[in-house]
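Same order as they appear, the protein sequences are chains A and B. First residue of the first sequence? That's 1 in the UniProt record's numbering, and the numbers climb one at a time after it. First residue of the second sequence? That's 1 in the UniProt record's numbering, and the numbers climb one at a time after it.
Number of protein chains: 2
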Amino acid sequence: MAYAHALDALGDPTRRAVWEILRKGPRAVGEIAASLPVSRPAVSQHLRVLRDAGLVRERREGTRHIYAVSPEGLAEVRSYLEGFWATSLDEFKAYAERGGQ
Amino acid sequence: MAYAHALDALGDPTRRAVWEILRKGPRAVGEIAASLPVSRPAVSQHLRVLRDAGLVRERREGTRHIYAVSPEGLAEVRSYLEGFWATSLDEFKAYAERGGQ
DNA sequence: CATGTGCGTAAGCCATTACTTACCGTAAGT
DNA sequence: ACTTACGGTAAGTAATGGCTTACGCACATG
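Dropping the structure here:
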């Protein structure tokens, strides 16, 4: 299996922190690590997971590896959650009609 | 911390499997466990995590505990992801304008 | 060609956690 | 009251995984 699902990748707080940094714009690995209380290799490993999940994308500028949020992986997670939305609302409606029990 | 974020709760494959079963409609604990390759106590523990994350809700019918997907937790995850959507599209646009590199 | 910079990978350690079985509590039926 | 049904909890174990340091590779610069 190994992180097939994007939600596996987002299930770690540090990884979400990396993702939230990239949300502000593309960053090199070292820059990301400088903003976090973990080492650069740790960030590198997290980025690999995020990349395998399709959540970030990489490009190279000389020796620097620039990462950026990828829309595709985000869209995948979104559509996954959308599938729950309709049934969830139905449930909520029935729940309310029972009087909130 | 311990599963403060709903995405932490959704970061486990078995827990997502539980959630996907509940997506089809409310179920008792034993019913859920019967659909999965893990024991009933394991399901019970996963349901507790999902419940603490606000992703599922519980009601009782006699000795049966009926679980159902909760809209609130789902909405939380959705709004979290929505925050990435706009910036992600901007990034994608810039990416395309660079020629897809 | 040598040095410096920026990252990824390997190996190992430690904490987290997902799972099991055993047990206990509660509700309903006989 | 006894029994059965249904689930949560406790305790212990095995595995996952997140982190570190050490190392190696690619690119740029003197």
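Ideal Cβ placement from N, Cα and C applies to all residues, glycine included.
Can a CB atom of chain B be found closer than 7 Å to the CB of residue i?
{"i": "L36 (chain A)", "result": "no"}
{"i": "R23 (chain A)", "result": "yes"}
{"i": "Y3 (chain A)", "result": "For Y3 (chain A), the predicted model reports a pLDDT of 48, less than 50, meaning its position is unreliable; a value from the coordinates is still stated below. Chain B contact via Cβ: absent."}
{"i": "L55 (chain A)", "result": "no"}
{"i": "R15 (chain A)", "result": "no"}
Are residue i and residue j closer than 7 Å when you measure CB to CB?
{"i": "H46 (chain A)", "j": "R16 (chain A)", "result": "no"}
{"i": "L22 (chain A)", "j": "V69 (chain A)", "result": "yes"}
{"i": "R57 (chain A)", "j": "I66 (chain A)", "result": "no"}
Give me, in chain order, the residues of the same chain whose beta-carbon lies closer than 6 Å to that of residue i; leave out the 5 immediate sequence neighbours on both sides.
{"i": "A86 (chain A)", "result": "none"}
Take residue i and list the residues in its own chain whose beta-carbon comes closer than 7 Å to its own, dropping the five residues that flank it on each side.
{"i": "S35 (chain A)", "result": "I21"}
{"i": "A2 (chain A)", "result": "With a pLDDT of 39 at A2 (chain A), under the threshold of 50, the modelled position of that residue is not reliable, and the figure given next carries that caveat. Counting only Cβ-Cβ distances below 7 Å, and skipping sequence neighbours, we find nothing."}
{"i": "R51 (chain A)", "result": "E58"}
{"i": "V43 (chain A)", "result": "V18, V29, I32, A33 and L36"}
Is the CB of residue i under 7 Å away from at least one CB in chain A?
{"i": "G11 (chain B)", "result": "yes"}
{"i": "L47 (chain B)", "result": "no"}
{"i": "L50 (chain B)", "result": "no"}
{"i": "R27 (chain B)", "result": "no"}
Residues in the same chain with beta-carbon distance under 8 Å from residue i, minus the five sequence neighbours each way, listed in chain order, please.
{"i": "G54 (chain A)", "result": "A6, S70, E72, G73 and E76"}
{"i": "S39 (chain B)", "result": "A33"}
| query | Which residue spans inside the UniProt domain "HTH arsR-type" (1 to 96) of chain A form an unbroken alpha helix (DSSP H) run of at least 4? | reply | 6 to 9, 13 to 23, 29 to 34 and 40 to 52
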